[in-house]
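Undergrad: Once you've had a glance at the structure underneath, I'll fire off some questions.
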Amino acid sequence: MEVSKYLAHFDELQLVSSSDISRHYHAVEKGTDRKVAILIYMKNPRFKGRIFLQPPSIDFPGLATVYDICEDDNFIAIPQEIVGSGNLFNYLLPSPLLSESKVAEIAQCMLKCLAYLHDIGIVVRNINMQNILISDDSNYPFKLKDYILAKLLDTKNLTDICNAETFPSPEFLRKLEYGPPTDIWSLGCIMYVLLCGKFPYFPDVERTMEAFGQIQPDFEKGAWQEISPEARSIVYRMISINPADRPTAKQLLDEPWIQGKCSDIPITSAVQDLKTSIMALRMRRSFGAAQSATSFRYFQKFCEITTQYKTHFY
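Residues 345 to 658, numbered by our numbering, are exactly what the sequence shown covers, in order.
The structure is reproduced here in structure tokens:
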């Protein structure tokens with residue numbers, strides 16, 4: 345079924361966020377009145393054809409539940425659970441003031457998800473701040489979404505079908521074989537930003553590729569002067585250029601720092617840099633969304649129609 349026709353199963357589509365390769369909507373499923381988040385990915389124009397996707401059976405409390413999958417030649421649509429009150433990116437926009445213990449809490453939730461996914465052979469590959477959700481679940485205050493594409497697609501083909509966002513690993517960018525360490529890299533980059541406010545590498549593919557092997561992330565200046573050696577050691581190992589040098593999710597979960605044995609004092613010296621970095625990511629994402637507006641124009645039109653008139657399409 346064409347994704348555009350598939351959306352006829354939903355009412356009241358509202359655009360939540362956009363990037364260069366995706367659109368995120370909230371909607372109401374017809375017949376059940378269930379509120380859902382619909383993630384629509386644009387396939388890489390170089391990739392032609394369908395891959396006949398099926399929703400996997402994954403049940404883990406730290407992962408947003410996937411309800412269905414729809415695919416056509418150009419797009420993939422994934423309706424899934426709406427979690428809590430937005431994502432980490434929006435959570436940081438008004439007041440990016442974090443402590444080591446808060447960053448450790450975020451990391452622990454994500455590492456539990458990764459340990460589960462890696463055990464069943466899934467590499468997420470696309471962990472970013474927009475995919476970390478703020479949850480009302482006290483056991484998993486942060487949940488992961490957008491973990492599903494790597495399960496649906498052969499990872500060998502993943503780079504061809506959908507492009508990457510934000511913090512792709514060195515091996516991924518170099519089109520080498522990759523596995524669980526690529527997720528550790530992405531999460532490590534996010535932790536680096538949350539702790540010190542700056543990017544370990546440039547948040548764009550070309551400059552990052554040039555930097556690998558030439559520029560070492562700074563762990564001495566700025567906010568790092570008030571961050572514990574334990575935090576520095578963990579993040580340093582997570583963003584090692586060589587994937588074999590990165591710890592596994594299970595190994596990291598055994599770290600006392602990840603378990604919350606760290607400072608709960610806000611890292612005030614990182615606030616201004618973190619604000620700047622968040623705004624840079626926001627502008628980059630907005631620019632990418634503008635570039636892809638033509639490709640997604642039908643979905644925006646459909647969104648406006650269903651929201652304004654609540655018309656049923658069959």
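We put the beta carbon where it would ideally sit given N, CA and C, even for glycine.
In this structure, how does DSSP classify Asn418 when only helix, strand and coil are distinguished?
TA: As a first step, residue 418 is located in the sequence shown; it is residue number 74 there, counting from the start. Coil, per DSSP.
Undergrad: Taking all protein chains shown into account, do 16 or more other C-beta atoms lie within 10 angstroms of the C-beta of Ala593, making it buried, or fewer, making it exposed?
TA: Counting from one through the sequence shown, the residue named residue 593 turns up at place 249. Result: buried.
Undergrad: For Tyr579, which residues does DSSP report across the bridge?
TA: On the sequence shown, residue 579 is found 235 positions in, with the first residue counted as 1. Just to set this straight, residue 579 is Val in the shown sequence, not Tyr. When beta bridges are read from the DSSP output, Val579 appears opposite no residue.
Undergrad: Assign Lys487 to one of three DSSP states: helix, strand, or coil.
TA: What you label residue 487 is simply residue 143 of the sequence shown in a count that begins at 1. If DSSP states are grouped into helix, strand and coil, Lys487 belongs with the strands.
Undergrad: Secondary structure at Leu455, three-state DSSP: helix, strand or coil?
TA: Reading the sequence shown from its first residue, position 111 is the one you call residue 455. Reduced to three states, the DSSP call for Leu455 is helix.
Undergrad: So, Gln424 versus Ala381, is the Cβ gap smaller than 8 angstroms?
TA: One-based indexing of the sequence shown puts residue 424 at position 80. One-based indexing of the sequence shown puts residue 381 at position 37. Closer than 8 angstroms, so yes.
Undergrad: State the start and end residues of the unbroken beta strand (DSSP E) segment that holds Leu351.
TA: Indexing the sequence shown from 1 puts residue 351 at position 7. Unbroken run through Leu351: none, as it is neither H nor E.
Undergrad: I'd like the span of the beta strand (DSSP E) that includes Met386, first residue to last.
TA: Taking the sequence shown and counting its residues from 1, the one referred to as residue 386 is at position 42. From DSSP, the beta strand (DSSP E) with Met386 extends over 379 to 386.
Undergrad: Indicate whether Leu625 and Pro440 have their beta-carbon atoms separated by less than 8 angstroms.
TA: Here residue 625 refers to the residue found at position 281 of the sequence shown. Here residue 440 refers to the residue found at position 96 of the sequence shown. Going by C-beta atoms, Leu625 is not nearer than 8 angstroms to Pro440.
Undergrad: Return no unless some Cβ of chain B is closer than 8 angstroms to the Cβ of Leu618.
TA: Annotation note: the requested chain B is absent from the structure, which comprises a single protein chain.
Undergrad: At what residues does the alpha helix (DSSP H) containing Leu437 begin and finish?
TA: Position 93 of the sequence shown, counted from the first residue, corresponds to residue 437. Here Leu437 belongs to no alpha helix (DSSP H), and DSSP marks it neither H nor E.
Undergrad: My output table needs one value for Glu621: the three-state DSSP class, helix, strand or coil.
TA: Against the sequence shown, residue 621 aligns to sequence position 277. First, the residue type needs correcting, since residue 621 is Ser and not Glu in the sequence shown. Ser621: helix per DSSP, three-state reduction.
Undergrad: Report the three-state DSSP secondary structure of Tyr369 (helix, strand or coil).
TA: Counting from one through the sequence shown, the residue named residue 369 turns up at place 25. Residue state, collapsed to three classes: strand.
Undergrad: Are the CB atoms of Val579 and Gly532 within a distance shorter than 8 angstroms?
TA: Locating residue 532 in the sequence shown gives position 188, counting from the first residue. Locating residue 579 in the sequence shown gives position 235, counting from the first residue. When the beta-carbon positions are compared, Gly532 and Val579 come within less than 8 angstroms of each other.
Undergrad: Please state if the CB of Ile583 and the CB of Glu444 are separated by a distance shorter than 8 angstroms.
TA: On the sequence shown, position 100 is the one that residue 444 refers to. On the sequence shown, position 239 is the one that residue 583 refers to. Not in contact: Glu444 and Ile583 (Cβ atoms no closer than 8 angstroms).
Undergrad: Please identify the residue among Glu574, Lys605, Asp598, Met535 whose C-alpha is closest to the C-alpha of Ile442.
TA: Here residue 442 is taken as the residue at index 98 of the sequence shown, counted from 1. The question names Ile, but residue 442 in the sequence shown is Leu. Nearest to Leu442 by alpha-carbon distance, out of Glu574, Lys605, Asp598, Met535, is Met535.
Undergrad: Cα-Cα, which of Leu351, Pro544, Met627, Met386 is closest to Glu373?
TA: Stepping through the sequence shown from its first residue, residue 373 is reached at position 29. The option with the nearest alpha carbon to Glu373 is Leu351.
Undergrad: For Lys500, which residues from the same chain have a beta carbon less than 6 angstroms from its beta carbon, with the 5 sequence-adjacent residues on both sides left out?
TA: As a first step, residue 500 is located in the sequence shown; it is residue number 156 there, counting from the start. With a pLDDT of only 47 at Lys500, under the threshold of 50, the placement of this residue in the model should not be trusted; the figure read from the coordinates follows. For Lys500, where only same-chain residues beyond five positions count, there are no Cβ hits under 6 angstroms.
Undergrad: For Ile611, does the count of other Cβ atoms within 10 angstroms reach 16, so buried, or fall short, so exposed?
TA: Here residue 611 corresponds to residue number 267 of the sequence shown, with the count starting at 1. Flag for Ile611 reads buried.
Undergrad: Taking the beta carbon of Met627 as the centre, do at least 16 other beta carbons fall within 10 Å, making it buried, or is it exposed?
TA: Locating residue 627 in the sequence shown gives position 283, where the first residue counts as 1. Result: exposed.
Undergrad: Below 8 angstroms on the Cβ atoms is my contact criterion, and I expect Tyr522 with Ser513 to pass it. Report the Cβ-Cβ distance as a whole number of Å.
TA: Position 178 of the sequence shown holds residue 522. Position 169 of the sequence shown holds residue 513. So it is a contact: roughly 6 angstroms between Cβ atoms.
Undergrad: So, at 8 angstroms on beta carbons, what are the nonlocal neighbours of Asp608 in its own chain, with the 5 sequence-adjacent residues on each side left out?
TA: The count along the sequence shown starts at 1 and reaches residue 608 at position 264. Once the five neighbours on either side are set aside, the close Cβ partners of Asp608 are Ser443, Glu444, Ser445, Lys446.
Undergrad: Candidates Arg581, Gln616, Glu574, Arg590: which alpha carbon is nearest Ile602's?
TA: Along the sequence shown, read from residue 1 onward, the residue named residue 602 stands at position 258. Taking only the C-alpha atoms, the option nearest Ile602 is Glu574.
Undergrad: Is the region 414 to 429 close to the region 460 to 468, with three or more CB pairs under 8 angstroms?
TA: no
Undergrad: Can you tell me whether Leu517 is helix, strand or coil according to DSSP?
TA: The residue you call residue 517 lines up with position 173 of the sequence shown. It is helical.
Undergrad: Going by beta carbon distance, what residues of the same chain come within less than 6 angstroms of Pro587, once the five residues before and after it are set aside?
TA: Residue 587 sits at position 243 when you count from the first residue of the sequence shown. For Pro587, where only same-chain residues beyond five positions count, the Cβ hits under 6 angstroms are Glu515, Pro525.
Undergrad: Could you spell out the range, first to last residue, of the beta strand (DSSP E) harbouring Leu477?
TA: In the sequence shown, residue 477 corresponds to position 133, counting from 1. Segment 476 to 478, the beta strand (DSSP E) holding Leu477.
Undergrad: Under a Cβ-count criterion, where at least 16 other Cβ atoms within 10 Å of its own Cβ denotes burial, should Met473 be classed as buried or exposed?
TA: Residue 473 sits at position 129 when you count from the first residue of the sequence shown. It counts as buried.
Undergrad: On the DSSP letters alone, give me the boundaries of the alpha helix (DSSP H) that Ile528 sits inside.
TA: Taking the first residue of the sequence shown as 1, we reach residue 528 at position 184. Ile528 -> alpha helix (DSSP H) spans 525 to 540.
Undergrad: Could you check where the alpha helix (DSSP H) with Lys597 kicks off and where it finishes?
TA: As a first step, residue 597 must be located in the sequence shown, where it is residue number 253. In the sequence as presented, Lys is not what sits at residue 597; that position holds Leu. Run containing Leu597: 593 to 597, per the alpha helix (DSSP H) assignment.
Undergrad: To the nearest angstrom, how far is the alpha carbon of Ala614 from that of Asp490?
TA: Numbered from its first residue, the sequence shown carries residue 614 at position 270. Numbered from its first residue, the sequence shown carries residue 490 at position 146. For Ala614 and Asp490, the distance between alpha carbons rounds to 28 angstroms.
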